[in-house]
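Okay, so here's the structure we're looking at.
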Amino acid sequence: GGRSQRRGPAGGRALLLLLLPAVLLGLCCRAAAERLRYAIPEELATGSLVGPLARDLGLSADELPARKLRLSDDQQYFTVSEENGNLYVSERLDREELCGESASCSVSFEALVHNPLNVFHVEVDIEDVNDNAPLFRKAALELEIDEWVSPGTHFPLEMAHDVDVGINSQLTYQLTSNPSFSLILKESEDGSNPELVLERALDRERQNSFELVLTAVDGGDPVRSGTVQVRINVTDANDNPPVFAQDRYRTRLREDVSLGSVVLNVSASDADAGTNARITYSFGEMPTKVLQKFMIDAESGSITLREALDFEDMRTFILAVEARDGGGLVAHCKVEVEVLDVNDNAPEITILSLSSRVPEDAPTGTVVALLKVRDKDSGENGQVTCELSGEAPLSIVVSSGGSYKVVTASELDREQVAEHRVTVVARDRGSPALSSRTELVLEVSDVNDNAPVFEEAAYSAYVRENNAAGALVVRVSARDADAGANGLVSYWVAGGSAGAAGAAPLVSVEARSGAVYAQRSFDYEQCREFALTLRAQDGGAPARSSTATLRVFVLDENDNAPRVLWPAPAAGAGPAAAAEPPAFEVVPRSAEAGYLVAKVVAVDADAGRNAWLSYELVQASEPALFRVGLHSGEVRTARAVSDRDAAKQRLVALVKDHGQPALSATATLHVVLAESLQEALPELSERPPGADAAAELHFYLVLALALLSALLVLSVALAVLARLRRA
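With mature numbering (1 follows the signal peptide of the UniProt record, and there is no 0) as the guide, the letters of the sequence shown map in order to residues -33 to -1, 1 to 694.
Rendered as structure tokens:
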């Protein structure tokens, strides 16, 4: 990614000067960079502009609501506007509090955008302003100078300290004018060291003390200064001051060194004798934090450790050591203690962003989590590698600035695994290596990628005819592996022979349960079976569906009685029908036993056993003369016809099926015993038995009706005559 640098405003003119490079550089950084860099001065007011973060990431104002630009939670100094995406100061920044005396100072954090999820490393350099004046640690410097000291002798003075950095901390010194003393600056690694130079011999009897003012001035704009009083006491002769073996001592200590360990031995010598040559050692003016760490033996000059070291807290200590002889003369040296790093800090894992639910159709490489891994150690002890532990279709890739992305490594399938748990393991390269771990839980959200599946591809149902409308035919079921609305299945009839044009459908299906109901009573004789197509559809968008075939077989019931085709039943009833001669069969009187008289023909609309017919003779003029075949319906003579048998015979045959319960019908057969048709005609012309009785009955009915009518007329006439007589 590209790099851009911005500087926040510090007033009207500063705002214009700082925004100009932002505009120019922004034109060169239209694409979203993975690392952005800005620079602002310290002590900016809350709400001051740092830079156009959204624009530098390539986001337009219209995209901001959807992309949800935000900053990581591990910093509190900056905020981003939801309206324009600009980066602003949210809390006062004091460079000295943040970074101490470090030459460079910056605040690093991550900017997160969503849809899709991505992370960008942002670093804001905090530039020093001259907001601190030089400071002497003592209110006054006390010096004792022997009156016998020769002119030109140098006396080191305490240096002032300025917590600013760069040119703001570069100090120069000035001394109030005095003919006996002057000031020179001795250059060293620590800067300019002030030294007092004796310009002419001292005479204690004439002047036993001097008071001068030492002023330290920094290089800032505007300059800042600090002062200290220098009090000089003139003493009797102590010709030689102590002299250290080295002006600067250097040593190294591991941060895990035990308390009480010897850091270094300093040594100074004095050419004088007696008490003037007796040297005592002490620390000069140093920060309290340094004095708490070390102690020095006044007699031997042995420096020991009194408090544990921490490389991550402070990497170098500069100790100011003084050697003072019995006459009051002092020598100074510096002890530089470098702290060596030990792998005593495990990596720290911070979850910057975690997608709680990821759709199962997310493409490979989708970012599901952003992590920040830090190790306070340095060198190899602070170099960290991350890996994922656990079976999951995820992988971890390195981003910028110690950030890592957890991305999908293959396709997800919620129906197989709805939740993935992996452990992020961060391990440094120290010896022995230290590690830390944190668990990530990824829920896979459902996508409608599965159609409903019927339990059976083809269903069969058996229903007895004459069923009630609304009776349950069969219950079908389809399963959808998806969840929620995507797995909610509804059913309906998609087509088939269950409905015909202009006719109501035979069945219906309940949408939620899949129960198939009969819409009307079935008739086996009209429809023995039918097929239809059922469709199951889920509630997803877009919806998915599947079909299954349902074949319904109608089972026969014995609801049809046998129907006689021959002999044909009478077409009507009444005297006219009775007067018509019935169908007859002529049997010669010479017929022997087994002679085929006729065949009763009947059919049954039912099926199976319900349509199996049997025949029996239930009525005959001569029961012993005829018999009927049980299954054939053939009427035959049971014996030879004799002259004694009546010429006219009437037979009634019962036709019965095998249903439960059985249904039956009767057939009437008229038989004439005659040798030929001419012989049988006279018998047929005679009125049939019972015809006279019927005619006689008819006569009596007409006569009774006439008598009743006459009586009624007579009664009316008598009533009229009686009324007339009264009148």
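In this text, a Cβ means the ideal position worked out from N, Cα and C, and glycines have one as well.
DSSP state of Ile199 mapped onto helix, strand, coil: Reduced to three states, the DSSP call for Ile199 is strand.
Rounded C-alpha distance that separates Glu178 from Pro8: Cα-Cα distance, rounded: 40 Å.
Taking all protein chains shown into account, do 16 or more other C-beta atoms lie within 10 angstroms of the C-beta of residue 741, making it buried, or fewer, making it exposed? The first residue shown for the chain is -33 and the last is 694, placing residue 741 beyond what the model contains.
Rounded to whole angstroms, what is the Cα-Cα separation between Cys494 and Val639? One C-alpha to the other measures close to 45 Å.
Asp526 and Val414 closer than 8 Å at C-beta: 8 Å or more divides the Cβ of Asp526 from the Cβ of Val414.
Which of the three DSSP states is assigned to Lys343 in this structure? Lys343: coil per DSSP, three-state reduction.
Are the CB atoms of Phe76 and Val89 nearer to each other than 8 Å? Between Phe76 and Val89, the gap from beta carbon to beta carbon is short of 8 Å.
Of the listed residues Thr390, Arg4, Leu409, Asp447, nearest to Leu379 (C-alpha basis): Of all alpha-carbon atoms in Thr390, Arg4, Leu409, Asp447, the one lying nearest the alpha-carbon of Leu379 is that of Leu409.
Rounded to a whole number of angstroms, what is the C-alpha to C-alpha distance between Thr242 and Pro209? About 12 Å.
Among the candidates His81, Asp505, Val80, Ala168, whose CA atom is the shortest distance from the CA of Ala418? For the residues His81, Asp505, Val80, Ala168, the minimum Cα distance to Ala418 belongs to Asp505.
Just to confirm my understanding: we take Ala452, look at its own chain, exclude 5 residues before and 5 after, and list those with CB closer than 6 Å. What are they? Excluding positions up to five away in sequence, the list reads Gly506.
Contact defined as beta carbons within less than 8 Å: I believe Val195 pairs with Ala107. What is the distance between those atoms, to the nearest angstrom? Yes, Val195 and Ala107 are in contact; Cβ-Cβ is about 7 Å, under 8 Å.
Flag this pair as yes or no: are the beta carbons of Ala482 and Arg442 separated by less than 8 Å? Cβ atoms of Ala482 and Arg442: closer than 8 Å.
If we count the other Cβ atoms within 10 Å of its Cβ and call it buried at 16 or more, is Pro330 buried or exposed? Taking a 10 Å sphere around the C-beta of Pro330, we find fewer than 16 other C-beta atoms and assign the residue as exposed.
Please list the segments of the beta strand (DSSP E) lying wholly inside the region 276 to 327, counting only runs of 3 or more residues, in order along the chain. Here the runs fully enclosed are 283 to 291, 297 to 307, 315 to 321, 324 to 326.
How far does the alpha helix (DSSP H) with Ala329 in it reach, from first residue to last? Going by DSSP, Ala329 is part of no alpha helix (DSSP H) at all; its letter is neither H nor E.
With which residues is Leu179 paired in a DSSP beta bridge? According to DSSP, Leu179 bridges with Val197.
Looking only at its own chain, which residues have a Cβ that is under 7 Å from the Cβ of Glu397, when we skip the five neighbours before and after it? In the sequence on display, residue 397 carries Gly and not Glu. Correct list, in chain order: Asn310, Asp344, Glu347, Asn348.
Closer than 8 Å, CB to CB, is Asn53 near chain D or not? No chain D appears in the structure shown, which is made up of a single protein chain.
Is DSSP giving His637 helix, strand or coil here? DSSP places His637 in strand when its eight states are reduced to three.
Would you call the region 237 to 255 and the region 266 to 286 in contact, with 3 or more CB pairs under 8 Å? With a cut-off of 8 Å on Cβ pairs, the region 237 to 255 is in contact with the region 266 to 286, counting three or more such pairs.
Verify whether the separation of the beta carbon atoms of Ala565 and Gln486 is less than 8 Å. A distance of 8 Å or more separates the beta carbons of Ala565 and Gln486.
Look at the alpha carbon of Val91 and the alpha carbon of Leu3, and state the distance between them as a whole number of angstroms. Those two C-alpha atoms are separated by around 8 Å.
Between the beta-carbon of Val391 and the beta-carbon of Leu337, is there less than 8 Å? Cβ atoms of Val391 and Leu337: not closer than 8 Å.
What is the C-beta distance between Glu289 and Ser249, in whole angstroms, given that I count them as a contact (C-beta under 8 Å)? Between Ser249 and Glu289 the Cβ distance is about 5 Å, and since that is below 8 Å, they are a contact.
Going by Cα to Cα distance, which pick from Asn175, Leu473, Phe45, Asp277 is closest to Asn433? Closest by C-alpha distance to Asn433, out of Asn175, Leu473, Phe45, Asp277, is Leu473.
Alpha carbons only, please: which of Lys260, Leu307, Ala393, Ala498 is nearest the one belonging to Pro314? Nearest of Lys260, Leu307, Ala393, Ala498 to Pro314, Cα basis: Ala393.
Taking the alpha-carbon of Tyr140 as reference, which of Asp131, Glu156, Leu163, Gly119 has the nearest alpha-carbon? Relative to the Cα of Tyr140, the nearest Cα in the group Asp131, Glu156, Leu163, Gly119 belongs to Leu163.
For Asp264, name the three-state secondary structure that DSSP assigns. Shown here, Asp264 sits in coil according to DSSP, grouped into three states, outside any helix or strand.
Only counting the same chain, and skipping five residues up and downstream in sequence, which positions put a Cβ closer than 7 Å to that of Ser377? Contacts found: Thr331, Pro360.
Tell me whether Asp157 is buried or exposed, calling it buried when 16 or more other Cβ atoms sit within 10 Å of its Cβ. By the 10 Å Cβ count, Asp157 comes out exposed.
Can you tell me which of the three DSSP states Leu664 falls into? In the structure shown, Leu664 adopts helical secondary structure according to DSSP, grouped into three states.
Starting from Phe122, follow its DSSP beta bridges and name the residues at the other end. DSSP lists Leu163 as partners of Phe122.
Give a yes or no on whether the C-beta atoms belonging to Ser631 and Val622 are separated by under 8 Å. It is a contact, given that the beta carbons lie within the stated cut-off.
Starting from the C-beta of Ala428, find all residues in its chain whose C-beta is less than 8 Å away, skip the five residues before and the five after it, and write them out in chain order. Annotation for Ala428: Val440, Val441, Val483, Leu517, Arg518, Val519, Phe520 place their beta carbon closer than 8 Å to its own, counting only its chain and skipping 5 residues before and after.
According to DSSP, simplified to helix, strand and coil, what is Arg381? DSSP places Arg381 in coil when its eight states are reduced to three.
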